[in-house]
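J.:
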Amino acid sequence: MTKKNKEFDELKKEDLQAENEEEVKEEVKEEVKDKVTEDNKESKVEETEDCDSKLHKLEEQIFKLKDENNKLSNELDTMKERAVSLAAEYENFRKRTKKEKECIYIDACEDILKEMFPVLDNLERAVSVDGSVEDLKKGIEMTIRQFQSAFKKLGVEEIDANGEFDPNFHQAVMHIQDENLDKNSVAEVFQKGYKKGDKVLRYTMVKVAN
1 MTKKNKEFDE LKKEDLQAEN EEEVKEEVKE EVKDKVTEDN KESKVEETED
51 CDSKLHKLEE QIFKLKDENN KLSNELDTMK ERAVSLAAEY ENFRKRTKKE
101 KECIYIDACE DILKEMFPVL DNLERAVSVD GSVEDLKKGI EMTIRQFQSA
151 FKKLGVEEID ANGEFDPNFH QAVMHIQDEN LDKNSVAEVF QKGYKKGDKV
201 LRYTMVKVAN
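Position one of the sequence shown corresponds to residue 1 (UniProt numbering), numbered consecutively onward.
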């Protein structure tokens, strides 16, 4: 083999080696590219799966919120119906109570007036009959007794004004100094008072000794 042939072979080897190196580089680049592409695909798949999972969770939350909203809306409608029903019941109760009170008042007035009518009848008779002062006095006394009888039937009592002054039943309109009377005692009655049970209908108007 000549020297030139050897040199040619050497150059050929170098060229082949260079070509092999380039091919290896290209193969490595392709492998790296494929790897990167594959990693990107996997990353995108993972991101897609993660987004799908989050979207699914959001859809579940939205569904739950809608369900709760429907329940609250139904409860609100029920409460509104109850409120309207209660308002109607209260209005009916108010009207019924008002009517019952009016009936009780009318019945009470009727009971009282029935007892007063005979007294009025006797007064009218006494005025229309001619007679002496003594006869007129007897007629008035009889009318007073009728009043007292009517009061008794109605449960109305005269307030006792004897003894010590009691602000729960007496109204002091005058005070006097009198050594013959006990301190804070009733000295004189100007107007009789009446009560029905524990209810004072009219306080006794009195003069009180200091």
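C-beta atoms are modelled at their ideal positions from N, C-alpha and C, and glycine is treated no differently.
(1) Nearest by alpha-carbon distance to residue 191: which of 183, 203 and 100 is it?
(2) Just to check my reading of the structure: residue 150 and residue 116 have Cβ atoms closer than 8 Å, yes? What is that Cβ distance to the nearest angstrom?
(3) How about residue 169 and residue 193: are their beta carbons less than 9 Å apart?
(4) Are the CB atoms of residue 172 and residue 208 within a distance shorter than 9 Å?
(5) In chain order, which continuous runs of the beta strand (DSSP E) of length 3 or greater are located wholly inside the region 126-166?
(6) Report yes if the C-beta distance between residue 183 and residue 162 is below 9 Å; otherwise report no.
(7) Using the rule of at least 16 other Cβ atoms within 10 Å of the residue's Cβ for burial, across every protein chain shown, is residue 99 buried or exposed?
(8) Along the chain, where does the beta strand (DSSP E) that runs through residue 196 open and close?
(9) How many whole angstroms separate the CB atoms of residue 167 and residue 146, which I take to be in contact at a CB cut-off of 8 Å?
T.: In brief:
(1) As a working note, residue 191 is residue 191 in the sequence shown. Per the Cα distances, 203.
(2) Here residue 150 is taken as the residue at index 150 of the sequence shown, counted from 1. Here residue 116 is taken as the residue at index 116 of the sequence shown, counted from 1. Contact flag correct, Cβ pair sits at about 6 Å.
(3) In the sequence shown, counting from the first residue as 1, residue 169 sits at position 169. In the sequence shown, counting from the first residue as 1, residue 193 sits at position 193. Result yes, Cβ atoms of residue 169 and residue 193 sit closer than 9 Å.
(4) Against the sequence shown, residue 208 aligns to sequence position 208. Against the sequence shown, residue 172 aligns to sequence position 172. Yes, the pair counts as a contact, with Cβ atoms nearer than the cut-off.
(5) 156-158
(6) Taking the first residue of the sequence shown as position 1, residue 183 is located at position 183. Taking the first residue of the sequence shown as position 1, residue 162 is located at position 162. No, the Cβ-Cβ distance between residue 183 and residue 162 is not below 9 Å.
(7) Stepping through the sequence shown from its first residue, residue 99 is reached at position 99. Residue 99 is exposed by the Cβ-count criterion.
(8) Mapped onto the sequence shown, residue 196 falls at position 196. Note, residue 196: beta strand (DSSP E), 194-196.
(9) The residue labelled residue 167 in the question sits at position 167 within the sequence shown. The residue labelled residue 146 in the question sits at position 146 within the sequence shown. Contact flag wrong, Cβ pair sits at about 32 Å.
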